[in-house]
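Asker:
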Amino acid sequence: MKVAILGYGKMGHIVEKVLQERRHKIVAVIDNEADWQRLGREFRSAEVAIDFSEPSTAVPNMLRAFEAKVPMVVGTTGWLDHLDEMSSKCVAAGGKLVYSANFSIGVNIFFKINKLLAQLMNAQDRYSVTMEETHHIHKKDAPSGTAIHLAQDIIKEVNALKDWKLTPCDHTNVVPITAIREGEVPGTHKIVWDSPEDTIEITHTAHGREGFARGAVHAAEWLIHQPSGVYPFAEMMNDVCKDE
Numbered sequence: 009m010k011v012a013i014l015g016y017g018k019m020g021h022i023v024e025k026v027l028q029e030r031r032h033k034i035v036a037v038i039d040n041e042a043d044w045q046r047l048g049r050e051f052r053s054a055e056v057a058i059d060f061s062e063p064s065t066a067v068p069n070m071l072r073a074f075e076a077k078v079p080m081v082v083g084t085t086g087w088l089d090h091l092d093e094m095s096s097k098c099v100a101a102g103g104k105l106v107y108s109a110n111f112s113i114g115v116n117i118f119f120k121i122n123k124l125l126a127q128l129m130n131a132q133d134r135y136s137v138t139m140e141e142t143h144h145i146h147k148k149d150a151p152s153g154t155a156i157h158l159a160q161d162i163i164k165e166v167n168a169l170k171d172w173k174l175t176p177c178d179h180t181n182v183v184p185i186t187a188i189r190e191g192e193v194p195g196t197h198k199i200v201w202d203s204p205e206d207t208i209e210i211t212h213t214a215h216g217r218e219g220f221a222r223g224a225v226h227a228a229e230w231l232i233h234q235p236s237g238v239y240p241f242a243e244m245m246n247d248v249c250k251d252e
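In my numbering, the protein residues as written are 9 to 252.
#1: What does DSSP give as the partner residues of ALA57 in its beta bridges?
#2: If you reduce the DSSP assignment to three classes, tell me which class ASP43 lands in.
#3: Is PRO63 helix, strand or coil by DSSP?
#4: Give me the residue from LYS147, VAL115, GLU165 and PHE119 with the minimum Cα distance to GLN127.
#5: Can you tell me whether PRO176 is buried or exposed? The criterion is at least 16 other CB atoms within 10 Å of its CB, across all chains shown.
#6: Using a Cβ distance threshold of 8 Å, determine whether the stretch 183-192 contacts the stretch 224-233, with at least three qualifying pairs required.
#7: ILE58 to ARG134, Cα distance in whole Å?
#8: Does DSSP put LEU105 in a helix, in a strand, or in coil?
#9: Roughly how far, in whole angstroms, is the beta-carbon of GLY83 from the beta-carbon of MET19, given that I think they are within contact range, below 8 Å?
#10: Specify the secondary structure class of PRO240 as computed by DSSP and reduced to three states.
#11: What do you reckon, is the C-beta of GLU229 under 7 Å from a heavy atom of the ligand ATP?
#12: CA-CA distance, ASP202 and HIS143?
#13: Could you check if ARG49 is buried or exposed, using at least 16 other CB atoms within 10 Å of its CB as the buried criterion?
#14: Where ILE255 and SER95 are concerned, what is the direct C-alpha to C-alpha distance, given to the nearest angstrom?
#15: Quick check on THR186: does DSSP put it in helix, strand or coil?
#16: For PRO38 versus PHE51, is the C-beta spacing smaller than 8 Å?
#17: When you compare only the Cα positions, how much space is there between ASP206 and ALA131?
#18: Are the stretch 141-159 and the stretch 68-86 touching, with three or more C-beta to C-beta distances below 8 Å?
#19: Pop quiz: SER112 and PHE220 are said to be a contact at Cβ under 8 Å. What is the actual Cβ separation, rounded to whole angstroms?
#20: In terms of alpha-carbon separation, which member of TRP172, ALA168 and ASN167 lies closest to LEU158?
#21: Between TYR239 and VAL99, is the Cβ-Cβ spacing less than 8 Å?
#22: Taking C-alpha atoms, which residue in ASN40, PHE74 and ALA76 lies nearest to HIS62?
#23: Between LYS148 and GLY102, what straight-line distance do the alpha-carbon atoms span, to the nearest angstrom?
#24: Can you tell me which of the three DSSP states HIS179 falls into?
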């Protein structure tokens, strides 16, 4: 397939490597406004675009893709406050969009484990929950989109919890999230349910960034065969996993 890469930082380079490994053609690599001006025609020739840019550029990139009828896989985080707006614009334009807080297949399995554990904890009033996420110092958003997704799933399942907040905070009726930025950590998310009697912990640790890139490329391969619409990564994860 013909692919445009939007954002050419560390993740963009890894996406490029995975695309080459899977013998796809890269028609444009766009990292700034000058690239858009220079490579607009090449972008419009793409069968799909993969975005690992910045929260501030992800939304403009999507709008350009919808206008050009180029399907989009958005791996950038920090823009999901605009999801409803972007979904409406995508549908109105007859476009295609796959999005997720995290494109790692392992993380998406972790999402399911987290949701099940929260369901079981709803009736256990002696347990309280906390979350800690650690990422590299270059990450712009805090907490991570993955942490927010995990917290929102917990809130949906536990009646006593109403919101999430960054620490330090009052822990009453909230999921407290501690966001740590250090070194080159690809991403670690730990959820702790603590009671006077015992502690239950679940943790996902990424060993590198390639899992995110590989999941996004698989999503792109899947998306080009789908009808127009907006697809959360979880909806098509079973199809994505078949190639692994």
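Even glycine gets a Cβ: it sits at the ideal position worked out from N, Cα and C. This one's a predicted model, so the numbers in the text were calculated from it and none came from an experiment.
Answerer: Taking the geometry as given:
#1: ALA12 and MET80
#2: helix
#3: Residue state, collapsed to three classes: helix.
#4: Taking only the C-alpha atoms, the option nearest GLN127 is GLU165.
#5: Burial check for PRO176: the Cβ neighbour count within 10 Å stays below 16, so the residue is exposed.
#6: Segments in contact, no.
#7: 44 Å
#8: strand
#9: 7 Å
#10: Three-state DSSP puts PRO240 in a strand.
#11: As for the ligand ATP, it is missing from this structure, which has no ligand bound.
#12: 24 Å
#13: ARG49 comes out exposed.
#14: Any answer about residue 255 is impossible in this case: the structure gives the chain only from 9 up to 252.
#15: strand
#16: It is worth fixing the name first, because residue 38 is Ile in this sequence and not Pro. Yes.
#17: ASP206 and ALA131: Cα-Cα distance of roughly 16 Å.
#18: Touching, yes, given that three or more Cβ pairs across the two stretches are closer than 8 Å.
#19: 5 Å
#20: TRP172
#21: no
#22: Before going further, note that residue 62 is Glu rather than His in the sequence given. It is ASN40.
#23: Each residue's Cα considered, the two are about 31 Å apart.
#24: coil
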